[in-house]
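Working notes for the structure below.
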Amino acid sequence: MLAYIVRRILYAIPILIGVNLLTFALFFVVNTPDDMARIHLGAKHVTPEAIERWKTEHGYDKPLFFNTAAQGVAKVGDTLFVDKSLKLFAFSFGQADDGRDIAREIGSRMWPSLAIALPTFLVGLLAYIGFALVMVFFRASYLDFAGVVLCVVLMSISGLFYIIGGQFLLGKLWHLVPVSGFEPGWAGLKFLLLPVLVGVVSGLGDSSRFYRTLFLEEIHKDYVRTARAKGLSERVVLFRHVLGNAMIPILTGAVVVIPRLFLGSLIVESFFGIPGLGSYTIDAIQAQDFAIVRAMVFLGSVLYILGLLLTDLSYTVVDPRVRLE
Amino acid sequence: MRAWLILLLLPLAACHGPANSPYPAEQPGQNILYSAFSERPKHLDPARSYSENEAVFTGQIYEPPLQYHYLKRPYELEPLTASAMPRVTYHAADGRSLPEAAPISAIAYTVYEIRIRPDIRYQPHPCFAQRPDGSPRYVPLAPTELARIERFADFQETGSRELIAADYVYQIKRLANPRLSSPIFGLMAEYIVGLKDYGATLAKAAKGLPREAYLDLDRYPLAGAEVVDRYTYRVKIKGKYPQFAYWLAMPFFAPVPAEAERFYSQPGMAERNFSLDWQPVGTGPFYLAENDPNRVMRLKRNPHFHEEFYPAEGEPGDRAEGLLEDSGKRLPLLDQAIYRLEKEDIPYWTKFLQGYYDSSGIGSDTFDQAIRIGPDGRPDLTPEMRARGIELSTAVRTTIWYVGFNMRDPALGGLGDSARKLRQAISVALDYEEFISIFLNGRGIPAQGPLPPGIYGHREGEAGINPVAYRWQDGRPLRRGIDEAKRLLAEAGYPGGREAGTGRPLTFYLDTMASGPESKSRLDWYRKQFERLGVQLVIRSTDYNRFQDKMLKGNAQIFEWGWNADYPDPENFLFLLYGPNRKVGQNGENAANYANAEFDRLFVQMKDMANGPARQALIDRMVAIARHDAPWVFAYFPKSFGLRHAWVKNGKPNLMANNTLKYRRVEPARRVDYQGRWNRPVWWPLLATLLLLLATAVPAVRAYRRRQQAAARN
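Respectively, the protein sequence lines represent chains G and B. Read in order, the letters of the first sequence correspond to residues 3 to 327 in this note's numbering. Read in order, the letters of the second sequence correspond to residues 197 to 910 in this note's numbering.
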């Protein structure tokens, strides 16, 4: 298994280089370093000299991919791409255009993201699987039908509606929770209730339907019939056998998400004033801060690859037949 | 189930006060102002900060030598840390003193001598902390000690020192520091003697040093800024530039102690986000006690703040509005101001209505809820707002929005009769009364010229209307009809919007930064306005950078743009039409590339004059020329609408000053009372939801049991 993990990590390197290359090319196709300087220097009194100074100060005064003025390897090495991308592999993200240290910012912002994303993920997973099992248990009954209708209704509503509706009902009309905000530590618990609730409810429709389909597929298999023939109760059949055997598709969807929980959610964080990594990324895109965009895309790719690796490893835990070689 | 319920309600029950209060239990009742910011500030260094959202903080922390009087209008400068207004002397090239009335060509340089008040002290800050032997406590900082410091509060020792003239000179030098990329360096290098060369000297000196290494500016003298004595300094300006006094009221010219820069230049500081950009040092009424731009910024009263008192005089009417009730009281009147990050309008507005924010602007979505326009066209609060005791204040901003014509364009540009009449026709046709009503909810007034109200030179009434687009009727300006616009179009050689000779229809191109669905209706409005003339308008929406690029190259034909005053002087608006300040080739702010020799001549005369009848006469002539040539369609001056709760006092809008927090007062007990009344929790929906869940569960459990029994029977 160790050899498999090492191999997967080695595979990740060209993928990450490719991701970096794409991010770099896409960003600079629409934004030249001059554009970035103009954005940061503001609209007034911006002279060409000021733009040049800004570029020099922020290291954007080099050619993008090929330095004709340099000699030998430096023709490729002394370029913006190599200068800005190589350090990422050592997780050295450098400074944002406003001078703040990106690694430190990520370190402090991932906790608020996690504070929302982790409970939403865990409570959500339990709720979705539980609800799906209830529907399967009562399959072909009015409860199953009502559950499916509810799922379709929930799926049809935009995520934004849940946020605004939740804020309106629980925060504005009933005065039960703060409309938005965040505090670190236990004092922040009251701020988490609404976004977590909104997160769970907004995912209930599609996730429960997906899990219901998985369970329905399993329930007609031979081992379930055998279990029933043994006289096991329907509850045991569902929760022990069906759930256990449906774990591989569940893990495929769930484990890959776990590392990315750190990255937060763009919309939820923005509406609830959560100072997480989701809002960090969206702010950076709006401000054309390439240093942050690059760092977040890189981090997202690394975490996604890590998620895929963890998914593969988790298969060996839930299904002893799986061997990673 | 019970455990779940307890867990769910625990955080709510733990709250002191209303369950939806976003504030810690200990805060209600304290002398704190609550506000919000929607965009995190990028820079708090006075050499770099140039945005309005940053001035909310820098204005309270840093103190330049001058400030705007809080209440008086028109805006008036007064000393802040200076003991008196600067002593201004004029000199010939050989150093001879000249009288103020000397011809501008004879004045080689102007000297501003500023004397600051003694006994002004900086806020507590670790850069001033000293060891018993008098050496700095944290400079140099041993790596082992730095390793123990994670947050700025970990610097447990602080100190202070007296403000001296050298700190002001130091900051002027910092404007040229290439590492700081000060946005006004280019502009100030044109005025402050030697600043341009000083920038080159510093760039050379910084080249060999690591990026964070300390660059000792004291080693390099600047010819245009010198310390006279402990409390006096001089700034030398090329030629005559009376507007420099306004710059002396901006944080760019606030003092920075060299100790702070030395302290922050140490290795390891930047990685911890410890810099003047994030932990400012000033003498102002407040200091930044908490800087988490991702969540909250907290200003606290500076314990060393010098003596300053609430003004005793203002405009007529200020007394009746209670704005002089605090006259003579020592400033600041607040203990703290807490600003929370609030990116979206809806949560901000909701919290304002719940009493958790003390003041709010009005967004388009909430305008109808807050404001109703009376039959006389005046805005007023809705009954709902009145019932809450909310107060409204409005002010016309010192900002202009305009539609510019590229004067280099072959069809629309130039000073010839045909193109001029074409521009005039468009000026008449664009009905900004309608625009303001539809898109701004009445938050603006149609512009009659380039100078907004409140700026010297602006004229009210009949004398102030733009005769090209308006006539005076029944005591108010009335936009000329579309027929007059069509007549002008025909005189220009385009009857019915078609070229007279060929019959080819006219098509123009409007470049704008507006895009997306939210701008569609506005851009459609422009199309329709042009259609009224029979002219086709093609909208070219571009992003900010492409737009800037087009303007620099002169590739736009018609464009919409705006200008926000740096200072309340007509020069700061009329220079937008000054020929040598054109965008193409000069990279100036004259985006229309307008050049009229007479206008330019008058501008040079006017810009250095003191306000008075002679200056007003020149301004009138210049404005008349601009109206006649119509390089812009003068669109509108936006109006700011602000709401504040009854417990917030001294909320007079001052659009030039950014240090007004020290005058604000709140009544915390009244606030707590209102918050309690407005936020009583409603529990029944929770109980109803639980009952509903139970009601669903009961038949499900029954069905489950039935099934189990059936299975057992089988």
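Using N, Cα and C, we set each Cβ at its ideal position, and we do this for glycine too.
Environment of residue i [buried if 16+ CB atoms lie within 10 Å]
i: residue 44 of chain G; result: exposed
i: residue 15 of chain G; result: exposed
i: residue 782 of chain B; result: exposed
i: residue 682 of chain B; result: buried
i: residue 887 of chain B; result: exposed
i: residue 808 of chain B; result: exposed
i: residue 862 of chain B; result: buried
i: residue 188 of chain G; result: exposed
i: residue 122 of chain G; result: buried
i: residue 222 of chain B; result: exposed
i: residue 41 of chain G; result: buried
i: residue 895 of chain B; result: exposed
Cβ of residue i within 8 Å of any chain G Cβ
i: residue 878 of chain B; result: yes
i: residue 238 of chain B; result: yes
i: residue 473 of chain B; result: yes
i: residue 789 of chain B; result: no
i: residue 540 of chain B; result: yes
i: residue 695 of chain B; result: no
i: residue 468 of chain B; result: yes
i: residue 381 of chain B; result: yes
Pairwise C-alpha distance: residue j and residue i
i: residue 316 of chain G; j: residue 253 of chain G; result: 7 Å
i: residue 743 of chain B; j: residue 708 of chain B; result: 7 Å
i: residue 323 of chain B; j: residue 498 of chain B; result: 16 Å
i: residue 312 of chain G; j: residue 260 of chain G; result: 9 Å
i: residue 261 of chain B; j: residue 277 of chain B; result: 5 Å
i: residue 662 of chain B; j: residue 645 of chain B; result: 7 Å
i: residue 305 of chain B; j: residue 385 of chain B; result: 14 Å
i: residue 882 of chain B; j: residue 177 of chain G; result: 12 Å
i: residue 795 of chain B; j: residue 822 of chain B; result: 8 Å
i: residue 281 of chain G; j: residue 759 of chain B; result: 30 Å
i: residue 733 of chain B; j: residue 725 of chain B; result: 9 Å
i: residue 229 of chain G; j: residue 146 of chain G; result: 23 Å
i: residue 96 of chain G; j: residue 464 of chain B; result: 13 Å
i: residue 173 of chain G; j: residue 492 of chain B; result: 20 Å
i: residue 303 of chain G; j: residue 103 of chain G; result: 20 Å
i: residue 94 of chain G; j: residue 105 of chain G; result: 7 Å
i: residue 160 of chain B; j: residue 223 of chain G; result: Outside the modelled stretch of chain B, which goes from 197 to 910, sits residue 160 of chain B, for which no answer is possible.
i: residue 914 of chain B; j: residue 834 of chain B; result: Limits of chain B in this structure are 197 at one end and 910 at the other, which puts residue 914 of chain B out of reach.
i: residue 721 of chain B; j: residue 563 of chain B; result: 21 Å
Residue i at chain B interface by Cβ criterion, 8 Å
i: residue 189 of chain G; result: yes
i: residue 236 of chain G; result: yes
i: residue 138 of chain G; result: no
i: residue 272 of chain G; result: yes
i: residue 56 of chain G; result: yes
i: residue 80 of chain G; result: no
i: residue 247 of chain G; result: no
i: residue 41 of chain G; result: yes
Coil, strand or helix - residue i by DSSP
i: residue 308 of chain B; result: strand
i: residue 844 of chain B; result: strand
i: residue 321 of chain B; result: strand
i: residue 707 of chain B; result: strand
i: residue 2 of chain G; result: Here chain G comprises residues numbered 3 to 327, so residue 2 of chain G is not present and cannot be evaluated.
i: residue 314 of chain B; result: coil
i: residue 243 of chain G; result: helix
i: residue 227 of chain B; result: coil
i: residue 779 of chain B; result: coil
One or two residues paired with residue i in a DSSP bridge
i: residue 423 of chain B; result: B:429
i: residue 103 of chain G; result: G:97
i: residue 321 of chain G; result: None; residue 321 of chain G has no bridge partner.
i: residue 673 of chain B; result: B:668
Contacts of residue i in chain A (Cβ-Cβ under 8 Å)
i: residue 246 of chain B; result: No chain A appears in the structure shown, which is made up of the protein chains G and B.
Residue i Cβ short of 7 Å to the ligand ZN heavy atom set
i: residue 26 of chain G; result: The ligand content of the structure shown is nil, which means the ligand ZN is not present either.
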